[in-house]
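Below you'll find the structure, written out as structure tokens, and then a few comments.
Protein chains in written order, with the UniProt record's numbering: chain A, 1 to 454; chain B, 1 to 454; chain C, 1 to 454; chain D, 1 to 454.
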């Protein structure tokens, strides 16, 4: 009897494959399903069931794709708002066998209306469950967000409170297997720790420890979460079932001859190299989205249907970026251009660069006509910020561009300079050219001993 | 905060690396320590501590080797019989920090006198431990064996009973991380399951559930365990610290010209291919030890200081075998010969093969002058066996060879035919030539509907 | 300017990719075209042209597939018997540029009517060609066979003679790049050497050295070549263009429960493990076709449309076998079964094995009622054979089965025992059960000092 | 009979392994010898001989190391100035067998006094050699340099002329296998083409075509070649035999806390990322040496005994750099630091960047007080340069630093901006801070249509 976690960095998504005696089940598969198939093979198991703990809003579910390849049955909780088309509906108390493993459904709505949790029993040692898959209902150190149904936050928070009580009563001795880890937009304040038990959470998880229903609800109502625009597309897609992802077959990478032509034919130029490389040299008009930040910020700056050309150091780097895009339904990454800017400049091409400034310089520049633009989350900004800085969350730049002016001078900042670089590149691409990046940003400012407002 | 398990197949050994905020610790490292170093690097961590839960008797500890490479400190429990030379002694209550992780020592003797368990706390969520490393004290589904000190089984079993109570009182909500999984010779009746919690074990582990000290002790006294001869070498070595393993650099593999010469120069010819390949063609006098069975049975048929030449299908297969040998201190695997027997025969070489017989044939042959030789464990044999079969445990063949005669005809058998093949090859190598292998063995016999004695 | 050879073992096929300054061309691509695309990428080149030196009869051309993926143009020589549908016709003197490379067509019929050779020039150093692609017209150490057009051997041999003179006159200083190496069925007596020049061949190649047209023709007429039945399918397919090969996606490998059921559902059971493993244990009725022998002998024993289940040691081995089958148009390898015969026997399954005999035993057995069956090529048999042995070429067993009797006892032999094992398995699958394999075969016989007839 | 080329990028070095019937020979092995051993294994060959075509001055020979591992014999030409200690001396006419391969020595001094060439015969087709290893005597498109012996250029050039005539007379029909390809400092004007024959070279190689001894000598005397300072160390080392290279075992990479401390403990900080990344952010005082430029320019800016800390994007990149350093005897690359500059700045660290300017900007700046510093080779500079630019070859910066002033403003330039970045970083590290890089350099300048001086 084995359990293996398949993590998706960027989305902080956790999926699981469990198996015993030639049979296996997958919980919350992502779109690229090869890993599940390969793990099942290693253990000489046939995938029998696929469970979705709820309809995902932040990534494409691979359930329909994996079912198609393996003939496994997909199981999904009941949903009054519309049934998932490729799945059977399961209800509280339904149970399933996977070799020696027994699985039992708990209905645990709150994060979404269709959320379920799944108890895991060992039929050879079956006095109580040994594990529980909690989806986005309960995380390590936090619980799921409840703000997805407009006007129903209070109701959903109350449902979540009750679901958590049900989990406590059924699974005290179990290991917890949630659908997200630290860094996900589906919750906040999750532990960095990747392992826990329900009873440890009952003693330590700040939200799980709240025993008053009202207190719990008002805490949830007061939370602030961002909701990227692609969530609605994910929800629609995960109702009908996504198609398998086919990596773009990049046959003949070639250095760009002229950037202008590229923009016409190739859509957005997305530069996925580390920020330093982007700062030092890039195609005019290209966006800065390093591979590790691509999922978190690409979803705000681009649309799923946008045509994308990747700028990367190597084909491997481009493929990694294309895969990450595909997991969230951005499928039009058709090509890649190797990053060789000295060569490009020598051939007569125009190469752009972005200037960086340090804390001492920033302190002087803001006395002149340079506007600090802080692109962190509002919760970070509220905690402490530099006096006189203007706040626009990086993800909101597209919709708030009109608050900025092409005639003004901006210094972008965040916590370290990473998001500030992404923001600066976006402003440049949108015609706001006088932009510099505050390298080190809030960290450098505070380390220099300068004042902040809180 | 991460935890990662490093498994050693063949030995069913489990070791762990944990880390947080740039620091890491390793629990019970094996001799080939590259994996720990590489996992630490992936998480950008420095290895700060190495813990040994007890002095290993079944494999070479990599603690001294890893300490040498990383400058980490090694920690080991107190041992009245002799201190481990490369480690600091730790006592119950001692505690250590690894980033955000807190570790606390429990003294839990019983399996050995120096056994410790280690509680794992998350300092951000520190109401009770979230994990516990139990070494060979407590397994999933079983507890450690207590027969290592001649004449002290009762005393050790009593100590183990008390240690288990201590673990229960301290770590009820914790996930359990033991040093062995199913298949180890360090315990019996372990669960196939690879994950559990202490509270789940308290409800389900048959040995942990025993609440009477006397009952527990008499159960332990009644157990039967084999103890391969290399255990004593391991114990000595793990007191002073083993040297790093250097894989043999096999520069120029060549087909053997004459087996006789090979035997002089090359020591034992160990054929590590699958049994079927051995049965179909092999060098006269070579032993059959497929990679997956090599650790379990090589330790009985060979001595650590024996010179070994590997016969393998490929260099990769030979390297895998050499690595497995090195983990248990058999370091003299200096070379490998590719298995190409038709070529060898065409060049004038002598190729041996082993005949197999099926259940129907066996039923007839034992009526004639063929002796069935059952090489399973005594516990398996006692459960059921074929009437008239002689029992010698595969591991005891070297010392009980005198019970067999070169003039007699033998059919070797086990549960499936795997161990029977290993046994048959050994008999042949020792001059007992009239040997056939019962393919399918006890399984085939019973599936054919024939009688067994119980 | 680079040239890289892509070899296909089993078929001894050689294809080439050349490139310069961002452009590349491929000569005689095989069906699995990934390697060409990946080499082109490594050199940052776009594939511009694909050349076929002639219509292949022994493997599926990948020209149409590669053209489809890269938009390259396919070029093929003129053929009065029917034009290749996916290619442009080129004629002697036509020339093409690939970066700094100049290519020029020579019409060199003889092996086939549409055979061309291609001169390679470096435009920076263009006094004479530096290389020549000779297809199946000229090999290292031999020339192409001329027996493909019934009744036209003399005519084709004459054309070949003239073509060779043309090559000599145009490319004396060039390196030769032929379409096959030693081991191909498209010629005989090729050198083991993988590199040569035209002038070295002019001094050393026995067939190229013949200066009399008549002598050359009569030599060619006297040659004996086998022509496997799938050749005609290849010829048809390479006229219209094959589809891309999609590897079977083996989702859930499972041990067979009953061989009988397998035979119904799974078609031929093809065991691709080394011969020794097959001899030691296999499914009754399965064929022995080790990966390295699969292309050479599978084409005689199976039909392209046959359903095939692979028996292999690992998935990697099965995939390798499936790929080799696909290169010659055998696309129905839909699944694989791991080879674990002791387990299978223990579960009640029937496991077969094949007995081997050595030279001394053979010498005795042929005095009794055992018939030696020599399955080598007729040319090998004619050179020397054991008195009393019957000859049927391994590839002709299917059509000459009626010459054998299920009531007789056979010992199969070849040069070493490899082909003898393949033959023995085939006889068994066809109901001729009393078969043993002469391990070492002719080699062992002669090394034992026994007499042969010549 | 196979031949395989092992290329060393950066050094443009070509070495070879040939084999036949279980035996192999290596020609001019580099220091990291694993590839030769692994290729020999693939072909099931034992390495019997190692040949050095001459004493290498530009890289560490691996002959002594490989001989030590394989017990092969090393063969080297006669050298009046001092014998290679680990080799046997061979003379013209000496011959050796490697399976079916025959090798015959030609003494071909000129590039060095001990230079030999080696004819390759196929003993089955032995009318004339089929290949020739020419070392640094004859390249494709050029011949070896003859300026290594002070005051003896004329004499050496004459010897080379005679050696080339010997090669022509012996190997007209042979393929040429030289020790360097395009990009090496051991010759100039080599063809980009990687394959040729002696007769093709006789018709096309400009130096080989010169039939007058005097003309040839005066051409050679007029050539200009740079000679990096490490050459003398290589020559000494290759006389006694280098030790094997052991890759630094980088156990715990950590972000630097303070650069100052780093400089004390860690020696030179060598940043091996692409130039754009360096320009965008780097440690103050670090040098810019991208992996691909490291061998060519590191040898001028550093000493073999210098302590080096690598700054890299990943451990793989650092290992690649460390390996390249080791091939030229720079063994003190003991550690690496991951490049994460935004994080470093946020933690209070100081991050430097380098400004780039384009052609239009340069045109204006040089009218002001900015001095253009052209760091190309003198031959490039002489061909065309920008009016008013100062020339110092990049490799000569260390010795000509006194020609520059810390109070002046410099714009560095080369052909594209790559070497200009390396130069700018070096100037900064040496306290000349007002430096900008001309991105696109000469290429951009000319593409902009601006004037050059020739």
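Idealized CB from N, CA, C, for every residue including glycine. Bear in mind that the values here come from a model prediction, so they are computed numbers and not experimental data.
Can you grab the Cα-Cα spacing for the pair residue 221 (chain B) / residue 90 (chain B), in whole Å?
-> Cα to Cα, the separation comes out at about 30 Å.
Nearest to residue 122 (chain A) (by Cα), restricted to the options A:420, A:318, A:2 | For the set A:420, A:318, A:2, the Cα lying nearest the Cα of residue 122 (chain A) is the one of A:2.
Starting from the beta carbon of residue 2 (chain D), find every residue of chain C whose beta carbon is closer than 7 Å, and list them in chain order.
-> The contacting residues are 194.
Bounding residues of the alpha helix (DSSP H) (the contiguous stretch that carries residue 215 (chain C)) | Unbroken alpha helix (DSSP H) run through residue 215 (chain C): 213-222.
Consult DSSP for residue 154 (chain D) and reduce its assignment to one of helix, strand or coil.
-> The answer is helix: DSSP assigns residue 154 (chain D) an H, G or I state.
Proximity to residue 23 (chain B) [Cα-Cα], best of B:374, B:99, B:307, B:79 = Minimum Cα distance to residue 23 (chain B) is reached at B:99.
Unbroken stretches of the beta strand (DSSP E), 3 residues or longer, contained in the UniProt domain "Rhodanese" (269-353) of chain A | Complete beta strand (DSSP E) runs here, min 3: 308-312, 333-338.
Is residue 421 (chain B) close to chain C, meaning its C-beta is less than 9 Å from at least one C-beta of that chain?
-> Residue 421 (chain B) counts as touching chain C.
For residue 360 (chain D), go through chain A and note every residue whose CB falls closer than 7 Å to its CB, in chain order.
-> Neighbours of residue 360 (chain D) across chain A, judged by C-beta separation under 7 Å, do not exist; the nearest C-beta is about 10 Å away.
Compute the beta-carbon to beta-carbon distance between residue 296 (chain B) and residue 10 (chain B), rounded to the nearest angstrom, for a pair I have assumed lies under 8 Å.
-> About 6 Å separates the two Cβ atoms, so the contact holds.
By DSSP, does residue 161 (chain B) sit in helix, in strand, or in coil?
-> Assignment of residue 161 (chain B) by DSSP, reduced to helix, strand and coil, places it in the helix class.
Using the beta-carbon of each residue, which ones in chain B are nearer than 8 Å to residue 447 (chain C)?
-> Correct list: 346, 347, 348.
DSSP on residue 104 (chain C), reduced to helix/strand/coil?
-> In this structure, DSSP gives residue 104 (chain C) an extended state, which the three-state scheme calls strand.
Does the separation of the CB atoms of residue 425 (chain D) and residue 354 (chain D) fall below 9 Å?
-> It is a contact, given that the beta carbons lie within the stated cut-off.
Test item: CB-CB of residue 239 (chain C) and residue 85 (chain C) under 9 Å = Yes, these two residues count as a Cβ contact at 9 Å.
Do residue 436 (chain D) and residue 411 (chain D) have their C-beta atoms within less than 9 Å of each other?
-> A contact, by the Cβ cut-off of 9 Å.
Going straight from the alpha carbon of residue 365 (chain A) to that of residue 447 (chain A), what length do you get?
-> Residue 365 (chain A) and residue 447 (chain A) have their C-alpha atoms spaced approximately 18 Å apart.
Check residue 168 (chain D) in the structure and name its three-state DSSP category.
-> Of the three classes helix, strand and coil, the one that applies to residue 168 (chain D) here is helix, per DSSP.
List the residues of chain B that residue 279 (chain C) touches, going by C-beta distances under 8 Å, in chain order.
-> Contact annotation for residue 279 (chain C) against chain B: 279, 280, 281, 353 [CB-CB distance below 8 Å, chain order].
Backbone secondary structure at residue 68 (chain D) - three-state DSSP | Residue state, collapsed to three classes: helix.
For residue 398 (chain A), does the three-state DSSP call read helix, strand or coil?
-> Residue 398 (chain A) sits in a helix when the DSSP states are folded into three classes.
Mind listing the chain C neighbours of residue 203 (chain D)? Cutoff is C-beta to C-beta under 9 Å, in chain order.
-> Per Cβ cutoff of 9 Å: 125, 127, 128, 173.
Extent of the continuous beta strand (DSSP E) run through residue 24 (chain A) | Residues 23-27.
8 Å CB neighbourhood of residue 93 (chain B) in its chain, flanking five on each side removed | Answer for residue 93 (chain B): 104, 105, listed in chain order.
Just the Cα atoms here: how many angstroms apart are residue 161 (chain D) and residue 217 (chain D)?
-> Approximately 8 Å, taken between the alpha carbons.
Could you give the distance in angstroms between the alpha-carbon of residue 333 (chain C) and the alpha-carbon of residue 309 (chain C)?
-> Taking the Cα positions, residue 333 (chain C) is about 6 Å away from residue 309 (chain C).
Cβ contact (3+ pairs, closer than 8 Å) linking the stretch 382-397 of chain A and the stretch 338-352 of chain A | The stretch 382-397 of chain A, when compared against the stretch 338-352 of chain A, does not touch it at the 8 Å Cβ threshold.
Kindly list, in the order they appear in chain C, the residues whose Cβ is closer than 7 Å to that of residue 466 (chain D).
-> An answer regarding residue 466 (chain D) cannot be provided, because it is not within the stretch 1 to 454 covered by chain D.
Using a Cβ-Cβ cut-off of less than 7 Å, give me the residues of the UniProt domain "Rhodanese" (366-454) of chain D that come near chain A, in sequence order.
-> Listed by position along the chain: 415, 416, 417, 418, 439, 440, 441, 443, 444, 447.
Around the C-beta of residue 126 (chain A), are 16 or more other C-beta atoms found within 10 angstroms, so that it is buried, or is it exposed?
-> A residue is called buried when at least 16 other Cβ atoms come within 10 angstroms of its Cβ; residue 126 (chain A) does not meet this threshold and is exposed.
Determine the direct distance from the alpha carbon of residue 278 (chain B) to that of residue 45 (chain A), and round the result to whole angstroms.
-> So the two alpha carbons sit approximately 28 Å from each other.
Presumed contact (8 Å Cβ cut-off) between residue 4 (chain B) and residue 39 (chain B), rounded CB distance | Confirmed, about 5 Å.
Could you tell me which residues DSSP puts in a beta bridge with residue 413 (chain C)?
-> Per the DSSP secondary-structure output, residue 413 (chain C) pairs in a beta bridge with C:374.
Option nearest residue 199 (chain A) by Cα separation, candidates A:286, A:101, A:172, A:215 = If we check each option's Cα against that of residue 199 (chain A), A:172 comes out closest.
In terms of residue numbering, what span does the alpha helix (DSSP H) encompassing residue 76 (chain B) cover?
-> Where residue 76 (chain B) is concerned, there is no enclosing alpha helix (DSSP H), although the beta strand (DSSP E) it sits in stretches over 73-76.
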